[in-house]
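K.L.:
Those sequence lines, one after another, are chains C, W, U and F. Numbering-wise (the numbering used here), the first sequence opens with residue 472 and increments by one. Numbering-wise (the numbering used here), the second sequence opens with residue 472 and increments by one. Numbering-wise (the numbering used here), the third sequence opens with residue 472 and increments by one. Numbering-wise (the numbering used here), the fourth sequence opens with residue 472 and increments by one. Cβ atoms here follow ideal geometry from the backbone N, Cα and C, with glycine treated the same way. Everything numeric in this text was worked out from a predicted model, so none of it was measured.
Protein chains: 4
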Amino acid sequence: ESANEFQSQKDTLTLKLQDSESRNETLEAQLSDLERRLESSQHEREDFRKSLRSLLELLDSKIFELTELRDTLAKLLEGS
Amino acid sequence: ESANEFQSQKDTLTLKLQDSESRNETLEAQLSDLERRLESSQHEREDFRKSLRSLLELLDSKIFELTELRDTLAKLLEGS
Amino acid sequence: ESANEFQSQKDTLTLKLQDSESRNETLEAQLSDLERRLESSQHEREDFRKSLRSLLELLDSKIFELTELRDTLAKLLEGS
Amino acid sequence: ESANEFQSQKDTLTLKLQDSESRNETLEAQLSDLERRLESSQHEREDFRKSLRSLLELLDSKIFELTELRDTLAKLLEGS
Chain C
472 ESANEFQSQK
482 DTLTLKLQDS
492 ESRNETLEAQ
502 LSDLERRLES
512 SQHEREDFRK
522 SLRSLLELLD
532 SKIFELTELR
542 DTLAKLLEGS
Chain W
472 ESANEFQSQK
482 DTLTLKLQDS
492 ESRNETLEAQ
502 LSDLERRLES
512 SQHEREDFRK
522 SLRSLLELLD
532 SKIFELTELR
542 DTLAKLLEGS
Chain U
472 ESANEFQSQK
482 DTLTLKLQDS
492 ESRNETLEAQ
502 LSDLERRLES
512 SQHEREDFRK
522 SLRSLLELLD
532 SKIFELTELR
542 DTLAKLLEGS
Chain F
472 ESANEFQSQK
482 DTLTLKLQDS
492 ESRNETLEAQ
502 LSDLERRLES
512 SQHEREDFRK
522 SLRSLLELLD
532 SKIFELTELR
542 DTLAKLLEGS
């Protein structure tokens, strides 16, 4: 009886341990997936910001060129 | 002896189960943290995109106004 | 005879004077016309320059607004 | 007496003719000057309009480039 009881306790513990380890594996897979998604999201974000920085530089040069055009018009008006 | 052996096996299983459950808790905490960071990152990204969409609309209106100015200059040149 | 000669000289002078005065009138009319055209041309030119000065001010404000938009984009990129 | 009177009339006519011809020369000089000024003014105006047409073309290209920049921003926002 005592031996049966021990065996029953051991079986219960073994099942619980299997459940817990199975849950661990699931959680680790979810963590890995989430980490990959976060990393991928950060790469996309960095690429996006690089593209925006290029756009900002392009906008700067367009504003500079419009200002040159404006100065040419102002000189034409002064000189005429 | 057999009883001691059973007890020893039970203790080993109990320790392994405690370790595994402790690891589970750590992983669940990490998952929660990562999910919060991903959600927060998505909110920031959505806010950023909203701001950029506002900028795009503003840029549209500036291009429209420069085009009106260009048309006024063209009409002045035709009419003069 | 001498009287006839005098009369002939007087007639010649009178005709020359009439021609000269007629030419004067024509020249004065041409001058008046040219002065009117020059004045009209200067008014048109002044109106044209006024319109261009308005365009220059409008261009200034558009460049200013594009620069504000550029600064907003730069701040978004710094803050994100 | 009659001869004196004739001579006096001839002198008067001669003086009037000299005045009129002198006036003619003055008017012709004024006309030439005005024509030169009008022609010079038209050349300046044509040069001015040519410069403005160049500015208009430059403005067109700047508006085109801003529109390309705007389209790039719109695509970034759609794709992100």
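Is there a Cβ of chain C sitting closer than 8 Å to that of L505 of chain U, yes or no?
P.N.:
Output row for L505 of chain U: interface = no.
K.L.:
Taking Cβ positions, are D531 of chain C and R541 of chain U nearer each other than 8 Å?
P.N.:
Contact: yes.
K.L.:
Can you name, in chain order, every residue of its own chain whose Cβ lies under 7 Å from the Cβ of E539 of chain F, other than the five neighbours on each side?
P.N.:
For E539 of chain F, where only same-chain residues beyond five positions count, there are no Cβ hits under 7 Å.
K.L.:
Sorted by chain position, which residues of the same chain lie with C-beta nearer than 6 Å to E549 of chain W's C-beta, five sequence neighbours on each side aside?
P.N.:
Excluding positions up to five away in sequence, the list is empty.
K.L.:
For the putative contact between N495 of chain U and S511 of chain F, defined by C-beta atoms under 8 Å, what is the C-beta separation to the nearest angstrom?
P.N.:
With a Cβ gap of about 26 Å, N495 of chain U and S511 of chain F do not count as contacting.
K.L.:
For a quick check, are the C-beta atoms of L509 of chain F and Q501 of chain U less than 8 Å apart?
P.N.:
Contact: no.
K.L.:
May I ask you to verify whether the region 476–490 of chain W touches the region 473–490 of chain C, counting CB pairs closer than 8 Å and requiring at least 3?
P.N.:
Contact between the region 476–490 of chain W and the region 473–490 of chain C is present, because at least three Cβ pairs lie under 8 Å.
K.L.:
If distances are taken between C-alpha atoms only, which option among F:L505, F:E476, F:K521, F:L537 comes closest to L527 of chain C?
P.N.:
Of the candidates F:L505, F:E476, F:K521, F:L537, the one whose C-alpha sits nearest the C-alpha of L527 of chain C is F:L537.
K.L.:
Mark K546 of chain U as exposed unless 16 or more other C-beta atoms lie within 10 angstroms of its C-beta, in which case mark it buried.
P.N.:
Classification for K546 of chain U: exposed.
K.L.:
Would you call K533 of chain C buried or exposed, if buried means 16 or more other Cβ atoms sit within 10 Å of its Cβ?
P.N.:
Label assigned to K533 of chain C: buried.
K.L.:
Around the C-beta of F422 of chain W, are 16 or more other C-beta atoms found within 10 angstroms, so that it is buried, or is it exposed?
P.N.:
No statement about residue 422 of chain W is possible, as the shown extent of chain W runs from 472 to 551 and does not include it.
K.L.:
Taking only the alpha-carbon atoms, compute the straight-line gap between Q489 of chain W and K521 of chain C and give it to the nearest angstrom.
P.N.:
Answer to the nearest angstrom: the Cα atoms are 48 Å apart.
K.L.:
As an exercise, report each continuous beta strand (DSSP E) stretch of at least 3 residues that is fully enclosed by the region 472–544 of chain F, in chain order.
P.N.:
Complete beta strand (DSSP E) runs here, min 3: none at all.
K.L.:
Would you please state the rounded distance, in angstroms, between the beta carbons of R516 of chain W and R516 of chain C? I believe it to be under 8 Å.
P.N.:
Confirmed, Cβ separation roughly 7 Å.
K.L.:
Of the residues that make up the region 504–533 of chain W, which ones have a beta carbon closer than 8 Å to any beta carbon in chain U?
P.N.:
Of all residues in the region 504–533 of chain W, E515, F519, S522, L523, L526, L529, L530, K533 have a Cβ within less than 8 Å of some Cβ in chain U.
K.L.:
So which of U:L544, U:S525, U:L523, U:R524 has the shortest CA-CA distance to S525 of chain W?
P.N.:
Closest option to S525 of chain W, Cα to Cα, is U:L544.
K.L.:
Can you name the residues of chain U whose CB is closer than 8 Å to the CB of E499 of chain F?
P.N.:
Under the 8 Å cutoff, chain U gives L498.
K.L.:
Is there at least one Cβ from chain C nearer than 8 Å to L484 of chain F's Cβ?
P.N.:
Chain C contact via Cβ: absent.
K.L.:
Tell me the rounded alpha-carbon separation between N475 of chain U and L498 of chain U.
P.N.:
If you take the alpha carbons of N475 of chain U and L498 of chain U, they lie about 34 Å apart.
K.L.:
Hey, how far is the Cα of L505 of chain C from the Cα of L505 of chain W?
P.N.:
Approximately 7 Å between the Cα atoms of the pair.
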